[in-house]
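What follows is one structure encoded as structure tokens, with my remarks underneath.
In the working numbering, the protein residues as written are 3 to 362.
Given below as structure tokens:
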């Protein structure tokens, strides 16, 4: 294809060759292969790794495509014109990415990351939180040895709708790239990741869910290995704190304060509840006499001890690991929900809305 491009004057003598990605952009090929012992590569099993199959396909494909293009020069020109557009876009993106990567060391020193003291990635984790308010409480409550905190200002850019150049100019995204230390896109190297866990911790409301979705879209599109290697989690903060009496439950007697004595005399207990279904189930328990229900509107409403107990302490917190079981479906859903095309998203919402429980 590069030879054709030079013969037709689409590539000049000083120009670099097209990359394979430039040529393949916009092209679709359907090839049926039958093999007695297929060997698939990678965790997602989407690429055939047999060298004999690769050789056979290349021999047949190259000959047939070359024969077709020799007879259909207009089609060839359209493919090469499209390749040139991809080539120019890629060079511009590479230039922007290189400029950003050169700035990362400076960004690292200026970011709001509260680093942990340990330098062992296998025992370290970073919490991504929304805003300075929640970030301040998490910083106070955390284990400084192993838990880092990165506060983000508001909602990050929707990377599904933006160019790479614009994405790499976004301060919040640059802060994450610098903090993780493993690069992005073609420069990504998971061996350089500074943390064993990247934990998204947002308020348990619609805005918090949207921020989580934007972050997951960024990870999926530009750092997918983080998800495939099981490094990304969502922290699940409680929605409610319920104080109640229950005569059947044993009462802790290690609290010597006046408040503790009062609690023991009334057999008072506290329970953190994470969703409305659990709360309803708790209400129906006839042994529970509810004294008060506190609804947490955000992480900033919890004090440091409550935050440690519910979302930071590895012994008591609840984390949901982000995983992908179907790569095709994951790509389709991400495109449907996050792209600029409205009709597919509207259709998806109409079909799935009945399953949603909204906190508005």
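All C-beta atoms, glycine included, are put in the ideal place defined by N, C-alpha and C. Source: prediction; values computed, not measured.
Endpoints, the alpha helix (DSSP H) within which residue i is located
i           : result
residue 72  : 53-73
residue 231 : Premise fails: residue 231 is in no alpha helix (DSSP H) and is neither H nor E.
residue 37  : Neither: residue 37 is in no alpha helix (DSSP H) and is coded neither H nor E.
residue 330 : 329-340
residue 6   : 4-9
residue 129 : Premise fails: residue 129 lies in the beta strand (DSSP E), 127-132, not in any alpha helix (DSSP H).
residue 354 : 344-354
residue 222 : 208-224
residue 167 : 166-169
residue 173 : 173-182
Contact under 8 angstroms by Cβ, residue i with residue j
i           : j           : result
residue 219 : residue 213 : no
residue 82  : residue 7   : yes
residue 235 : residue 273 : no
residue 200 : residue 174 : no
residue 186 : residue 192 : no
residue 324 : residue 244 : no
residue 340 : residue 162 : yes
residue 85  : residue 182 : no
residue 88  : residue 24  : yes
residue 130 : residue 154 : yes
residue 142 : residue 237 : no
residue 10  : residue 79  : yes
residue 216 : residue 160 : yes
7 angstroms Cβ shell around residue i - same chain, five flanking residues per side excluded
i           : result
residue 148 : 118, 120, 125, 126, 127
residue 146 : 118, 119
residue 51  : 41, 42, 43
residue 355 : none
residue 231 : 192
residue 348 : none
residue 139 : 301, 302, 304, 306, 309
residue 311 : 318
residue 116 : 141, 150, 151
Cutoff 8 angstroms; reference residue i; Cβ partners in own chain excluding five residues on either side
i           : result
residue 76  : none
residue 33  : 59, 63
residue 291 : 246, 247, 248
residue 197 : 123, 126, 127, 128, 150, 182, 233
residue 281 : 241, 242, 244, 275, 295
residue 332 : 222, 326
residue 95  : 165, 166, 167
Element boundaries [beta strand (DSSP E), containing residue i]
i           : result
residue 149 : 149-154
residue 197 : Here residue 197 belongs to no beta strand (DSSP E), and DSSP marks it neither H nor E.
residue 24  : Here residue 24 belongs to no beta strand (DSSP E); instead the alpha helix (DSSP H) covers 22-26.
residue 162 : Here residue 162 belongs to no beta strand (DSSP E), and DSSP marks it neither H nor E.
residue 122 : From DSSP, residue 122 is part of no beta strand (DSSP E); its letter is neither H nor E.
residue 247 : 242-247
Inter-residue CB distance, residue i and residue j (contact presumed, cutoff 8 angstroms)
i           : j           : result
residue 309 : residue 321 : The Cβ separation is near 14 angstroms, so there is no contact.
residue 184 : residue 166 : Residue 184 to residue 166, Cβ: 17 angstroms. No contact.
residue 242 : residue 285 : Incorrect: roughly 11 angstroms between the Cβ atoms, too far for contact.
residue 336 : residue 222 : 6 angstroms
residue 13  : residue 4   : 7 angstroms
residue 326 : residue 229 : 6 angstroms
residue 206 : residue 239 : 5 angstroms
residue 152 : residue 114 : 7 angstroms
Sequence-distant residues of the same chain with beta carbon closer than 6 angstroms to residue i, five excluded per side
i           : result
residue 256 : Reliability of the predicted coordinates at residue 256 is poor, the pLDDT of 47 falling under 50, and the value obtained from them is presented with this limitation in mind. Nothing meets the Cβ criterion.
residue 346 : 338
residue 202 : 130, 214, 217, 236
residue 264 : Interpretation of residue 264 is limited by its pLDDT of 47, a score under 50 that renders its predicted location unreliable; the figure taken from the coordinates is listed afterwards. Closer than 6 angstroms at the Cβ level, and outside the excluded window around residue 264, lies no residue.
Heavy atom of the ligand ZN within 7 angstroms of residue i beta-carbon
i           : result
residue 328 : By its list of ligands, the structure shown contains no ligand whatsoever, and the ligand ZN lies outside what it can speak to.
Problem - 4-residue-minimum alpha helix (DSSP H) runs that sit fully inside the region 269-322, ordered along the chain - result: 278-286, 306-309
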